[in-house]
Amino acid sequence: MTSRLSAITWNTFREAVRDRVLYNLVLFVLLLVASAPLFSQISIGLEKLMLVNVGLTSISLFGVIIAIFLGIGMVSKEIEKKTLYTILSRPVRRWEFIAGKYLGLLLTLVVNAALMTVGFYAALLIFVHSLGRADALLLVAVYFIVLQFMMMVALTLLFSTFSSPIFSAIFAFALFVIGTFGEDLKNFAAMSQGATKWLATGAAYVLPNFASLNVIGQVAHEQGVSAHLVFFNTVYALLYSVAITAAAVLIFERRNLK
Amino acid sequence: MHAIEIRALSKDYAVGFWKKKLRPALKSLDLTVETGEAFGFLGPNGAGKTTTLKLLMGIIFPTSGSATILGKDYLDPEIKRKIGFLPEQPYFYDYLSAPELLDYYARLSGVPATTRKQRIGDLLARVGLSDVGSKQLRKFSKGMLQRVGIAQAIIHDPEVIFLDEPMSGLDPVGRHEVRELIQNLKDEGKTIFFSTHILSDAEALCDRVAVVYKGELRGVGVVNDFRSSVAEKTEVIWLGANALSSVKDLLAEPHVTGETVRGTMQSADLDRLLERLRQQHARLISVTPIHRTLEDYFLAKTREEEKESVSS
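Printed below as a string of structure tokens:
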């Protein structure tokens, strides 16, 4: 099982690399290099704040875009091109295929985010000329971004098991936007009454909540992140990803691949 | 133990906007294939050949029926270590090289790391691709891809090999090469189940064939039985166009080119025809018995069906 899973994971990662997905890193570096001089013109004190905001938001957005664009074709493309035929005629269980694809795409995003983080710290060093202990806090924000990737990959993979790439992209992007305002949905549920309250509460639980995973503003102002939040966010992202991936497996297990 | 045993296997596809209407793609197929046999699964396009193979590979699920491969349920993951599959017009991960692709499939099929490299090298040589190096599959010709396809189907040394239209879309050289590869596998004692609509391939390679049409099995038998089970005809060629009038009643559609006459006739009339030609001093060039080919059988079966459906 492990051998098959790692083979599918590695192949998914290799496909992304060979499809030049990591070229987005060049764009990221260009963005940082081009924007840094602008920040220095605003104010000395705000320079770092802006750089942290732009850098971390870019790591998050670039990753989400890659997750959507690669994830939506993960399964549907393999069905359409019939590459799945030669996989499923081997001793590969369908759940292993989904899990391997999930891990492969996540690995791509983690490697991408790791390289971006290195570039981001290099930019901090170059433009702000110092790195303090407080800057280690930024890694917590990066960790939360990776948790967000875990959830996004699960969602795009789920859509890919039953929908066309275009619809999958629309669904995934819509959920990303809704998830970004996840806290507002929770607040709305708390303020509502009757059926609306039930509906809003249900939606708040079913839909992803990316708002609680966004601590970019907090760490940019060098405010700490509680261990409590780190723990709960980790558990939340893990449970949500497992549940969504399990749903993807359930659909895929029953699918006739025409 | 049969290599493949299919029992009342059926597949209906739900069609229409509400998916309420059912379109049968395969109707209660019963079939057995013996170990070491090369079995041809014949039928025109859309007959149900690919559906059958997709069912056996677990790519789609049957509406009813069952199948065993080497005595075990066909969906048993363990049995999949012992089978190989080449889909019709295969598409592979084109960002990989041939050795990378074979390594990937070998890992999925549980080939141990110690033997993988050796096996990949041997197989690439066997299919004539040992010099492709790290060239990506997107730069391969169709014939080369088909050879990679056969290599991936046998990378784990399976006992039963399923091939879906292995020769379709290939040029004569490519077809010949693939045919030789299949023949070699057959000589090694592998069980081969292959679907085709190219009847000459089936005739050359298969011990037995089955004919499917519109999702139904129309006949199963030894290739030679199909060829000889009907009245034979004979083709006669001679020199001497003036002798034609004396034998015209025995010949069907005679063709005259200068002094050369060619015609076919019932074999039973052969003695009478030769006697008359001798009397006319015609010079005999050849007498060739015409056996009914698999193609004749195939066409007869499909036409029979068409007539039945028109009359009903």
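Residue numbers (our numbering), protein chains in the order written: chain A, 3 to 260; chain B, 945 to 1256. Even glycine gets a Cβ: it sits at the ideal position worked out from N, Cα and C. Everything numeric in this text was worked out from a predicted model, so none of it was measured.
Bridge partner(s) assigned by DSSP for M1209 (chain B): The residue you call residue 1209 (chain B) lines up with position 265 of the second sequence. M1209 (chain B) is bridged by DSSP to B:T1178.
Beta-carbon contacts of V1200 (chain B) that lie in its chain and below 6 Å, excluding the five residues immediately before and after: Counting from one through the second sequence, the residue named residue 1200 (chain B) turns up at place 256. Counting only Cβ-Cβ distances below 6 Å, and skipping sequence neighbours, we find A1185.
Start and end residues, alpha helix (DSSP H) containing H1120 (chain B): Taking the second sequence and counting its residues from 1, one reaches residue 1120 (chain B) at position 176. For H1120 (chain B), the enclosing alpha helix (DSSP H) has its first and last residue at P1116 to D1131.
Nearest-angstrom beta carbon gap, I1094 (chain B) and L1030 (chain B) [assumed within contact, 8 Å]: Within the second sequence, the letter at position 86 stands for residue 1030 (chain B). Within the second sequence, the letter at position 150 stands for residue 1094 (chain B). About 6 Å separates the two Cβ atoms, so the contact holds.
is_contact[V66 (chain A), chain B] using C-beta, thresh 8 Å: What you label residue 66 (chain A) is simply residue 64 of the first sequence in a count that begins at 1. Not a single CB atom of chain B sits nearer than 8 Å to the CB of V66 (chain A).
Contact set between the stretch 82 to 105 of chain A and chain B, restricted to residues whose Cβ is under 7 Å from the partner: Residues K83, K84, T85, Y87, T88, I89, L90, S91, R92, P93, V94 and R95.
Pair within 8 Å by beta-carbon distance, L272 (chain A) and I218 (chain A): Nothing about residue 272 (chain A) can be reported from this structure: the residues present for chain A run from 3 to 260 only.
Residue of A:A229, A:R95, A:S78 and A:Q225 minimising C-alpha distance to S170 (chain A): Counting from 1 along the first sequence, the entry for residue 170 (chain A) is found at position 168. When each option's Cα is compared against that of S170 (chain A), the closest is A:S78.
Cutoff 8 Å: I1234 (chain B) Cβ touching any chain A Cβ: The residue you call residue 1234 (chain B) lines up with position 290 of the second sequence. Answer no: the Cβ-Cβ gap between I1234 (chain B) and chain A never drops below 8 Å.
Where F971 (chain B) falls: helix, strand or coil (DSSP): As a first step, residue 971 (chain B) must be located in the second sequence, where it is residue number 27. Residue 971 (chain B) is actually Lys in this sequence, not Phe. Three-state DSSP puts K971 (chain B) in a strand.
Straight-line Cα distance separating K1016 (chain B) from I180 (chain A): Locating residue 180 (chain A) in the first sequence gives position 178, where the first residue counts as 1. Locating residue 1016 (chain B) in the second sequence gives position 72, where the first residue counts as 1. If you take the alpha carbons of I180 (chain A) and K1016 (chain B), they lie about 49 Å apart.
Given G1165 (chain B) as reference, the closest of B:F1242, B:H1100 and B:A958 once Cα atoms are compared: Here residue 1165 (chain B) refers to the residue found at position 221 of the second sequence. Ranking B:F1242, B:H1100 and B:A958 by Cα distance to G1165 (chain B) puts B:F1242 first.
Segments of 4+ residues assigned as alpha helix (DSSP H) that fall wholly inside the stretch 990 to 1019 of chain B: Entirely contained in the stretch 990 to 1019 of chain B, the alpha helix (DSSP H) runs reaching 4 residues are, in chain order, 993 to 1000.
Contact set between F1029 (chain B) and chain A, taken where Cβ atoms lie within less than 8 Å: Position 85 of the second sequence, counted from the first residue, corresponds to residue 1029 (chain B). Residues of chain A with a Cβ closer than 8 Å to the Cβ of F1029 (chain B) are, in chain order, Y87, T88 and S91.
Contact set between the stretch 1047 to 1061 of chain B and chain A, restricted to residues whose Cβ is under 8 Å from the partner: Only those residues of the stretch 1047 to 1061 of chain B whose C-beta falls short of 8 Å from the nearest C-beta of chain A are listed: Y1048, Y1049, R1051, L1052, S1053 and G1054.
Cutoff 8 Å: M1001 (chain B) Cβ touching any chain A Cβ: The residue you call residue 1001 (chain B) lines up with position 57 of the second sequence. Cβ-Cβ to chain A under 8 Å: yes for M1001 (chain B).
Interface partners of L107 (chain A) on chain B, CB under 7 Å: Taking the first sequence and counting its residues from 1, the one referred to as residue 107 (chain A) is at position 105. Chain B residues near L107 (chain A): none, gap ~15 Å exceeds 7 Å.
Under 9 Å from the C-beta of S5 (chain A): neighbouring residues of chain B: Against the first sequence, residue 5 (chain A) aligns to sequence position 3. Residues of chain B passing the Cβ test: R1051, L1052, G1054 and A1057.
Per-residue contacts from A250 (chain A) into chain E (C-beta, under 9 Å): Among the protein chains of the structure shown, namely A and B, there is no chain E.
Contained beta strand (DSSP E) runs [length at least 3] in the stretch 1208 to 1248 of chain B, N- to C-terminal order: Listed in chain order, they are 1227 to 1234.
Residues bridged to T1135 (chain B) [DSSP beta-bridge criterion]: Position 191 of the second sequence, counted from the start, is the residue given in the question as residue 1135 (chain B). T1135 (chain B) pairs with B:V1104.
Contact check, G75 (chain A) vs L111 (chain A), beta carbons under 8 Å: By one-based count along the first sequence, residue 75 (chain A) stands at place 73. By one-based count along the first sequence, residue 111 (chain A) stands at place 109. When the beta-carbon positions are compared, G75 (chain A) and L111 (chain A) stay at least 8 Å from each other.
Cβ-based neighbour list, P988 (chain B), same chain, cut-off 8 Å, excluding 5 preceding and 5 following: Working through the second sequence from its first residue, we reach residue 988 (chain B) at position 44. H1141, Y1157 and T1246.
C-beta contact flag for R1135 (chain B) and E1250 (chain B) at 8 Å: As a working note, residue 1135 (chain B) is residue 191 in the second sequence. As a working note, residue 1250 (chain B) is residue 306 in the second sequence. Here residue 1135 (chain B) is Thr; the residue named in the question, Arg, does not match the sequence. Result no, Cβ atoms of T1135 (chain B) and E1250 (chain B) do not sit closer than 8 Å.
Contacts of N258 (chain A) in chain B (Cβ-Cβ under 7 Å): Your numbering for residue 258 (chain A) matches position 256 in the first sequence. Simply I1004 and F1005.
Bridge partner(s) assigned by DSSP for G984 (chain B): Reading the second sequence from its first residue, position 40 is the one you call residue 984 (chain B). As a beta-bridge residue in DSSP terms, G984 (chain B) pairs with B:F1138 and B:V1153.
Contact residues within the stretch 17 to 46 of chain A, judged by C-beta distance below 7 Å to chain B: Taking 7 Å as the Cβ-Cβ cut-off against chain B, the residues of the stretch 17 to 46 of chain A that qualify are E17, R20 and D21.
For H230 (chain A), the three-state DSSP class (helix, strand or coil): On the first sequence, position 228 is the one that residue 230 (chain A) refers to. Three-state DSSP puts H230 (chain A) in a helix.
Exposed unless 16 or more other CB atoms sit within 10 angstroms - verdict on T1059 (chain B): In the second sequence, the residue the question calls residue 1059 (chain B) occupies position 115. Under this definition T1059 (chain B) is an exposed residue.
Extent of the continuous alpha helix (DSSP H) to which R20 (chain A) belongs: In the first sequence, the residue the question calls residue 20 (chain A) occupies position 18. Note, R20 (chain A): alpha helix (DSSP H), T4 to R20.
DSSP state of R92 (chain A) mapped onto helix, strand, coil: Reading the first sequence from its first residue, position 90 is the one you call residue 92 (chain A). Coil at R92 (chain A), not helix or strand.
Extent of the continuous alpha helix (DSSP H) to which P1198 (chain B) belongs: If you number the second sequence from 1, residue 1198 (chain B) lands on position 254. According to the DSSP assignment, P1198 (chain B) belongs to no alpha helix (DSSP H) but to the beta strand (DSSP E) extending over A1196 to T1201.
Supposed close pair L201 (chain A), L177 (chain A) - CB separation, criterion 8 Å: In the first sequence, counting from the first residue as 1, residue 201 (chain A) sits at position 199. In the first sequence, counting from the first residue as 1, residue 177 (chain A) sits at position 175. Their Cβ separation, rounded to whole angstroms, is 17 Å, which puts L201 (chain A) and L177 (chain A) out of contact at 8 Å.
Same chain only: Cβ atoms within 7 Å of T1012 (chain B), ignoring 5 sequence neighbours per side: Start at 1 with the first residue of the second sequence, and residue 1012 (chain B) comes out as number 68. Cβ neighbours of T1012 (chain B) beyond the five flanking positions: E949 and Y1018.
Sequence-distant residues of its chain with Cβ nearer than 7 Å to R1070 (chain B) (five each side left out): Here residue 1070 (chain B) refers to the residue found at position 126 when the second sequence is read from its first residue. Around R1070 (chain B): no qualifying Cβ.
Buried or exposed by the 16-neighbour rule on C-beta atoms within 10 Å, applied to E1121 (chain B): Taking the first residue of the second sequence as position 1, residue 1121 (chain B) is located at position 177. By the Cβ neighbour-count rule, E1121 (chain B) is buried, with 16 or more other Cβ atoms within 10 Å of its own.
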